[in-house]
Amino acid sequence: MSAAVTSNASDALITDIASLRGDFPALRQRVHNRPLAYLDSAASSQCPQTVIDAIVRQQSQNHSNVHRGVHQLGERATMAYESARERVRDYVNAASEHEIVFTRGTTESINLAATSLGGSMLSAGDEVLITWMEHHSNIVPWQMICEKTGAHLVPVPITDAGEIDLEAFDRLLNERTKIVAFVHVSNALGTVNPARELIEKAHAAGAVVVVDGAQAMPHRRVDVRELDCDFYAFSGHKMFGPTGIGVLYGKERLLEAIPPYQGGGEMILTVSFERTTYNALPYKFEAGTPNITGAAGLGAAVDYLSRIDFAALEAHETALLDYATERLSEFGCASIIGTAADKASVLSFVIDGIHAHDVGTIVDGAGVAVRTGHHCAMPVMERFGVPATARASFALYNNEDDVDQLIVGLRQAVELFR
Ligand code: PLP
């Protein structure tokens, strides 16, 4: 038996996380004549070969439309699409495949929730509670629906460590709060929020909870029934799948109760000029031809993740984050933004006297991919008084060599600019 597995069972989980790197062909390339150190997985993670194969198989053998063809290819496309939905359902432990709505990604999932849920339940004077650490995609859709309905958007402050101020959360949650929307893991700070606790409090106050799970999916094993969230949004491309596909999980009774997001084919049962009746869940929310190939790729990504021991994955990523944090402290002039006690795979930092974009450009020359800018979280930048940060983000395939290469690049930046 391989040391990488926990038992002899055929579905034994992989514990040797370092062995997974070889599954990702993109990581074998050189960039600027250096081995690629890909530290931008919070933006988009790389795909393992099995995901790439599933995409190629779908495009080369099954490419056709879903739910309508009686021919072989149409049946195969429908099978690929619906089996992906079932695997996603199983992976997040949703009660029914009616609760898994395919979208373009987290952004579209939250827009769907804001428009259909917010639009049907908010009125003037109501409140939507979010936090200061949200990605713009969990701010702007709520702002838009608040403007339309006369509801107010209320952001919960965060502490100097980048954690939700729980006392402020308790204080701001009240009988006017109809919706609580928060990020499970922050893309700008790495903070892992106490989702279960926040959901419980929000429910006790009678609010519906929408969780932005974009950054949690590649790092934590998410069980929507254990969390008891009402909605949970995520993106394929941040969890080793392709771009253009994502999911909105919603409790069936809530999805049943809210109106469709978009109109068109697939989402209807009958159409006449007088009246349209809507399709059953989840199709009511999937107007038009969906991203079938994306779903096939996401299904393969979920298969990939299902085989991994997440305790081992968390241990691997925590050790790497600790190592990177320690190595960064070698630079007296670097400050880390986001020092929460529970933190996942994100090292956001600024170097005195060097703009983050310059840091990104110099380390790119050393073959290191990091993200620089406001990370679609301008309120976080405002909170910490910086215009931008450089962000190294880790995934299961990263190792200490990647961090060492980052440090070499940072040394070059410091020598050049200071
Ligand atoms: N929420 C968080 C926390 C994110 O990090 C991102 C993307 O970076 C999003 C939402 C938006 O995801 P997408 O662009 O896939 O819709």
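Numbered per my numbering, the sequence shown spans residues 1 to 418. Think of the CB as a built atom: it goes at the ideal place given N, C-alpha and C, for glycine as much as any other residue. This one's a predicted model, so the numbers in the text were calculated from it and none came from an experiment.
- Following the DSSP letters along the chain, one finds Phe-182 in no alpha helix (DSSP H) but inside the beta strand (DSSP E) bounded by residues 177 to 183.
- The C-alpha of Leu-20 lies about 45 angstroms from the C-alpha of Leu-269.
- Contact annotation: Val-66 and Ile-292 have beta-carbon atoms nearer than 8 angstroms.
- With a beta-carbon spacing of about 18 angstroms, Ser-345 and Gly-236 fall beyond the 8 angstroms limit used to define contacts.
- Boundaries of the alpha helix (DSSP H) around Tyr-323: 310 to 328.
- Counted as a single uninterrupted DSSP element, the stretch harbouring Pro-194 is not any alpha helix (DSSP H), since DSSP gives it neither H nor E.
- Burial state of Cys-333 is exposed, judged by a 10 Å Cβ sphere holding fewer than 16 other Cβ atoms.
- Within the stretch 54 to 129, the runs of beta strand (DSSP E) at least 3 residues long that lie entirely inside it are, in chain order, 100 to 103.
- Of the heavy atoms belonging to the ligand PLP, at least one sits nearer than 7 angstroms to the Cβ of Ser-235.
- For Leu-410, the uninterrupted alpha helix (DSSP H) run begins and ends at 400 to 417, by DSSP.
- Approximately 6 angstroms separates the beta-carbon atoms of Val-370 and Arg-391; this is inside 8 angstroms, confirming the contact.
- Closest by C-alpha distance to Ser-109, out of Cys-376, Leu-254, Tyr-232, is Tyr-232.
- Annotation for Gly-297: the continuous alpha helix (DSSP H) segment containing it runs 292 to 306.
- Counting only residues of its own chain and dropping the five nearest sequence neighbours on each side, Ala-168 has a CB closer than 8 angstroms to the CB of Val-156, Pro-157.
- Here the alpha carbon of Val-363 sits roughly 40 angstroms from the alpha carbon of Asp-90.
- In the structure shown, Phe-240 falls within a coil segment according to DSSP collapsed to helix, strand and coil.
- Relative to the ligand PLP, Asn-187 has its C-beta within less than 7 angstroms of a heavy atom.
- The Cβ atoms of Gln-262 and Ala-287 sit closer than 8 angstroms to each other.
- Three or more pairs of CB atoms, one per stretch, sit closer than 8 angstroms, so the stretch 252 to 260 contacts the stretch 113 to 121.
- DSSP places Thr-149 in the uninterrupted alpha helix (DSSP H) bounded by 140 to 149.
- Cβ contact annotation for Met-217 (same chain, cutoff 6 angstroms, sequence separation greater than five): Phe-234, Met-239, in chain order.
- The closest heavy atom of the ligand PLP lies 7 angstroms or more from the beta carbon of Gln-29.
- Using a Cβ distance threshold of 8 angstroms, Val-368 and Gln-412 do not count as a contacting pair.
- According to the DSSP secondary-structure assignment, His-152 is paired through a beta bridge with Glu-127.
- Within the same chain, Glu-127, Cys-146 come within 7 angstroms of His-152 by CB-CB distance, once the 5 residues on both sides are set aside.
- The three-state reading of DSSP puts Phe-169 in helix, counting H, G and I together.
- The shortest CA-to-CA distance from Arg-220 to any of Tyr-283, Ser-186, Thr-103 is the one to Ser-186.
- Listed as beta-bridge partners of Ala-216 by DSSP are no residues whatsoever.
- Counting only the Cα atoms, Val-70 lies some 47 angstroms from Asn-193.
- The continuous alpha helix (DSSP H) containing Gly-365 extends over residues 356 to 365.
- Ala-80 and Gly-409 have their alpha carbons spaced roughly 43 angstroms apart.
- Around the beta carbon of Ser-123, fewer than 16 other beta carbons lie within 10 angstroms, which makes this residue exposed.
- Gly-373 places its beta carbon less than 8 angstroms from that of Ala-356.
- Separation of the CB atoms of Gly-264 and Val-51 is rounded to 28 angstroms, and the pair is thereby denied contact status at 8 angstroms.
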